[in-house]
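In this note's numbering, the protein residues as written are 204 to 352.
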């Protein structure tokens, strides 16, 4: 591999690293905003208690859409990881010895489902963010928060 090829490969690795970081930030932003909207809906459902079912349905839709956006960004992240895998495979085929360079065995770079533990926490957070509107829908808001006189 000559210097020109190495520069090109380095550029693609750096670009993919930036894409990976940006995808993780975008995924977190989707979850964060969905949870924030759901907490605002919970507050509104207490204030406008005439139609708590509509707030619960809307809150559930926000959680599902937020989770869908998180999975969309996770799919993009998986494609970036696959590109990493392809670049490393091509470098290995070109004779680059990664074990010698980093002084340890290269980790198994999973692609699909790599961040499953993080995604499952996101889904749990989204589901929990819809629960306050569910409690209002069931009429439990008054038992959880005593009315002020």
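Using N, Cα and C, we set each Cβ at its ideal position, and we do this for glycine too.
Identify which residue in the options has its Cα closest to the Cα of residue i.
i           : options               : result
residue 317 : 300, 280, 287 and 293 : 280
residue 408 : 278, 284, 333 and 265 : Missing from the structure shown is residue 408; the chain here goes from 204 to 352 and no further.
residue 341 : 257, 265 and 326      : 257
residue 276 : 223, 243 and 285      : 223
For the alpha helix (DSSP H) containing residue i, name the first residue and the last one.
i           : result
residue 205 : Careful: residue 205 lies outside any alpha helix (DSSP H) and carries neither H nor E.
residue 254 : Looking at the DSSP string, residue 254 is not in any alpha helix (DSSP H), and its letter there is neither H nor E.
residue 297 : Note, residue 297: premise wrong, no alpha helix (DSSP H); not H, not E.
residue 342 : No alpha helix (DSSP H) contains residue 342, which DSSP labels as neither H nor E.
Can you tell me the Cα-Cα spacing of residue i and residue j, whole angstroms?
i           : j           : result
residue 260 : residue 227 : 28 Å
residue 336 : residue 270 : 18 Å
residue 331 : residue 213 : 42 Å
residue 295 : residue 301 : 8 Å
residue 334 : residue 267 : 13 Å
residue 339 : residue 248 : 7 Å
residue 319 : residue 274 : 10 Å
residue 325 : residue 264 : 15 Å
residue 206 : residue 241 : 53 Å
residue 282 : residue 272 : 16 Å
residue 216 : residue 246 : 46 Å
With DSSP collapsed to three states, give me the class of residue i.
i           : result
residue 265 : helix
residue 238 : helix
residue 289 : helix
residue 318 : coil
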